[in-house]
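Enquirer: Residue numbers (this note's numbering): -18 to 185.
If you scroll down you'll find the structure; I have some questions about it.
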């Protein structure tokens, strides 16, 4: 279901439907909260809350399917074999970087769970969650430029890629100057005691 949701999001991005991509990004943030809040409020066990929380991973692609089908129709497989070779070659190179970007913080969580305790995992998770705010801010630039990068001539595509990366780094750096101090001030009130190291982890 995670892969299917990413595939659907990629189709929206490929056709330049930036509004849909941004809505999906917001839904990706809101849905987990909607699923985890009721069991926690009801006093359910942590295991039950997590089990209910995981259902959002199934609901997300189901919500996305109907609007996407109305825009693009059903799946149609291309007949040209050269296209498949290009897609596999390009996709493999992109997959390495994308997988490293998505998986590396989660590998850190697994390592902490093995060699440390739940408290350290919680601190690190909070830092990752706050850090994702910076990712959401720069993701809008990448999504908006994606179609232009894919469809323009090579020289124009390279120039647009460079501008997109430059703007994303500038935005992330500038926002980081506000997000990190805000985390130092707000986290004690939002998540309570025991997370004093999270802002420092976020800054690093």
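Glycine included, C-beta positions come from ideal geometry on N, C-alpha and C.
Predicted model only: the values in this text are computed from it and were never measured.
1. Would you list, in sequence order, the uninterrupted beta strand (DSSP E) runs of no fewer than 3 residues that lie entirely inside the stretch 146 to 176?
2. Among 104, 84, 28, which residue has its Cα nearest to the Cα of residue 183?
3. Please state whether the Cβ-Cβ distance between residue 102 and residue 93 is less than 8 Å.
4. Can you tell me whether residue 115 is buried or exposed? The criterion is at least 16 other CB atoms within 10 Å of its CB, across all chains shown.
5. Hey, how far is the Cα of residue 25 from the Cα of residue 35?
6. Take every Cβ of the stretch 106 to 124, pair it with every Cβ of the stretch 149 to 157, and state whether three or more of those distances are shorter than 8 Å.
7. Rounded to whole angstroms, what's the CA-CA distance from residue 156 to residue 180? Just pull it up for me.
8. Taking residue 42 and residue -11 to be in contact with their CB atoms under 8 Å, please state how far apart those CB atoms are, rounded to whole angstroms.
9. Which of the three DSSP states is assigned to residue 114 in this structure?
10. What distance in whole Å lies between the Cβ atoms of residue 12 and residue 40, which are believed to be in contact at a cut-off of 8 Å?
11. Tell me whether residue 178 sits in a helix, a strand or coil according to DSSP, three-state version.
12. Is DSSP giving residue 0 helix, strand or coil here?
13. By the 10 Å Cβ neighbour count, where 16 or more other Cβ atoms means buried, how is residue 50 classified, buried or exposed?
14. Can you tell which of 162, 38, -1, -4 has its C-alpha closest to the C-alpha of residue 14?
15. Do three or more CB pairs link the stretch 122 to 135 to the stretch -2 to 9 at distances below 8 Å?
Expert: In terms of the structure at hand:
1. The DSSP assignment places no complete beta strand (DSSP E) segment of no fewer than 3 residues inside the stretch 146 to 176.
2. For the purposes of this step, residue 183 is taken as residue 202 along the chain shown, with counting starting at 1. Considering only alpha carbons, the answer is 104.
3. Locating residue 102 in the chain shown gives position 121, where the first residue counts as 1. Locating residue 93 in the chain shown gives position 112, where the first residue counts as 1. Pairing residue 102 with residue 93 gives a Cβ-Cβ distance under 8 Å.
4. Reading the chain shown from its first residue, position 134 is the one you call residue 115. So residue 115 ends up on the buried side.
5. Residue 25 sits at position 44 when you count from the first residue of the chain shown. Residue 35 sits at position 54 when you count from the first residue of the chain shown. Their Cα atoms are separated by approximately 15 Å.
6. Output reads yes: the stretch 149 to 157 touches the stretch 106 to 124.
7. In the chain shown, the residue the question calls residue 156 occupies position 175. In the chain shown, the residue the question calls residue 180 occupies position 199. C-alpha separation (whole angstroms): 15 Å.
8. Looking up residue 42 in the chain shown gives position 61. Looking up residue -11 in the chain shown gives position 8. Yes, they are in contact, since the Cβ atoms of residue 42 and residue -11 sit about 6 Å apart, within 8 Å.
9. As a first step, residue 114 must be located in the chain shown, where it is residue number 133. Residue 114 falls in the helix class under three-state DSSP.
10. Along the chain shown, one-based indexing puts residue 40 at 59. Along the chain shown, one-based indexing puts residue 12 at 31. A Cβ-Cβ distance of about 6 Å is found for the pair residue 40 and residue 12, placing them in contact under the 8 Å criterion.
11. Counting from one through the chain shown, the residue named residue 178 turns up at place 197. Three-state result, residue 178: coil.
12. As a working note, residue 0 is residue 19 in the chain shown. If DSSP states are grouped into helix, strand and coil, residue 0 belongs with the helices.
13. Start at 1 with the first residue of the chain shown, and residue 50 comes out as number 69. Using a 10 angstroms sphere on the CB of residue 50, the tally of other CB atoms stays under 16, which defines it as exposed.
14. Taking the first residue of the chain shown as position 1, residue 14 is located at position 33. Taking residue 14 as reference, the option from 162, 38, -1, -4 with the minimal CA-CA separation is 38.
15. Contact between the stretch 122 to 135 and the stretch -2 to 9 is present, because at least three Cβ pairs lie under 8 Å.
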